[in-house]
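Numbering (my numbering), first residue to last: 228 to 437.
Virtual Cβ for every residue (Gly too), placed ideally from N, Cα, C.
Please read all numbers here as calculations on a predicted model, not as lab measurements.
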Amino acid sequence: SYAGDGVDCVHDGPPFVGAYQTQYRDDCTLRTGNLADGTYEDGFLSVAWRPDRRVYYSAGNTGYHAGSGEWADLTANMIQCPLSGGILYAPTNPDNPSFRIAVAECTGKPCDYFDARVETPSLGLLMQYDCVFVWINYACDDAEAFGNVLADYVDYGGKVILGQWCYPSDQGNSLSGRIITPAYCPVTTLTSYKSGNYAGDGTDCVHNQV
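Given below as structure tokens:
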């Protein structure tokens, strides 16, 4: 029987999955770099997936053939996860709700806040979003781990916006790890204290109507 301990959208939905049982179940071990959620009562994993969520393994799932409970709900959640999409605003700075509201209004998608000063987001969390926007002010919880998980997120199809002070220059805090290497970061920088106004000369879609 499922232990009821899942927290990912595969179990938390909607719909919420609270109970299922099976007569036959593979005792699975998670391969390195992949993700899982929920266990059976003996501790073996219930659902596992690649970080891009293109392949799931649902141990014990025979579609009611050899079990009972909320298997249909569990299967539906795997089909539609991640539910939110949207943008994760993950600076090392306090939240700015007015900025997130404006981004949500422009994109038509939710923009959630994550405080990277106190915790490093997991790859599983990042994969629930279309894009992650990071800028650095105070120190990261773990600058190298954050930079590496952002690179992993890019490798699995995610989009990252690196804002001010992400690249190490003459400031006290920055990112490290793979995300600021030439394979990922398109710039280098020497100084971080020059001010200025946009010249209005952009022609790419990033500046369309800006």
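Would you mind working out which of R281, T256, N288 sits nearest Q248, comparing C-alpha positions?
For the purposes of this step, residue 248 is identified with residue 21 of the sequence shown, where counting begins at 1. It is N288 whose Cα lies nearest to the Cα of Q248.
Within 10 angstroms of the Cβ of F373, are there 16 or more other Cβ atoms? Answer buried if so, exposed if not.
As a first step, residue 373 must be located in the sequence shown, where it is residue number 146. F373 is buried by the Cβ-count criterion.
Starting from the C-beta of S295, find all residues in its chain whose C-beta is less than 6 Å away, skip the five residues before and the five after it, and write them out in chain order.
The sequence position of residue 295 within the sequence shown is 68, counting from 1. Answer for S295: Q248, listed in chain order.
Which same chain residues, not among the five before or five after Q250, have their C-beta less than 8 Å away from its C-beta?
Residue numbering aside, residue 250 sits at position 23 when the sequence shown is read from its first letter. Taken in chain order, the residues that qualify are A293, G294.
Do the stretch 333-344 and the stretch 355-375 make contact, defined as three or more Cβ pairs closer than 8 Å?
The stretch 333-344 vs the stretch 355-375: in contact.
Out of R327, G240, L350, state which residue places its alpha-carbon closest to the alpha-carbon of W276.
Translated into positions along the sequence shown, residue 276 becomes position 49. Among R327, G240, L350, the Cα nearest to that of W276 belongs to L350.
Taking C333 as part of the alpha helix (DSSP H), name the residues at either end of that continuous run.
Here residue 333 refers to the residue found at position 106 of the sequence shown. Where C333 is concerned, the enclosing alpha helix (DSSP H) stretches over 324-334.
Quick one: complete beta strand (DSSP E) runs, 3+ long, within the stretch 250-326?
Listed in chain order, they are 262-266, 272-276, 283-285, 294-296, 314-316.
Cβ of G374 less than 7 Å from any chain C Cβ?
The chain labelled as chain C is not found in the depicted structure, where only one protein chain is given.
Would the C-beta of D428 count as close to the ligand FAD, meaning under 6 Å from any of its heavy atoms?
Among the ligands in the structure shown, none appear at all, so the ligand FAD cannot be discussed.
State whether the stretch 306-323 contacts the stretch 337-345, with contact taken as three or more CB pairs (one from each stretch) at a distance under 8 Å.
With a cut-off of 8 Å, the stretch 337-345 and the stretch 306-323 count as touching, because enough Cβ pairs lie within range.
Are the CB atoms of D264 and G233 within a distance shorter than 7 Å?
The sequence position of residue 233 within the sequence shown is 6, counting from 1. The sequence position of residue 264 within the sequence shown is 37, counting from 1. In contact: G233 and D264 (Cβ atoms closer than 7 Å).
Using a Cβ-Cβ cutoff of less than 6 Å, which residues in the same chain neighbour L417 once the five nearest sequence positions on both sides are dropped?
Working through the sequence shown from its first residue, we reach residue 417 at position 190. Within the same chain, L417 has close Cβ partners S396.
Can you tell me the Cβ-Cβ gap for S228 and Y267, rounded? I've got them flagged as a contact below 8 Å.
The residue given as residue 228 occupies position 1 in the sequence shown. The residue given as residue 267 occupies position 40 in the sequence shown. Indeed, because the Cβ distance is near 7 Å, the residues count as touching under 8 Å.
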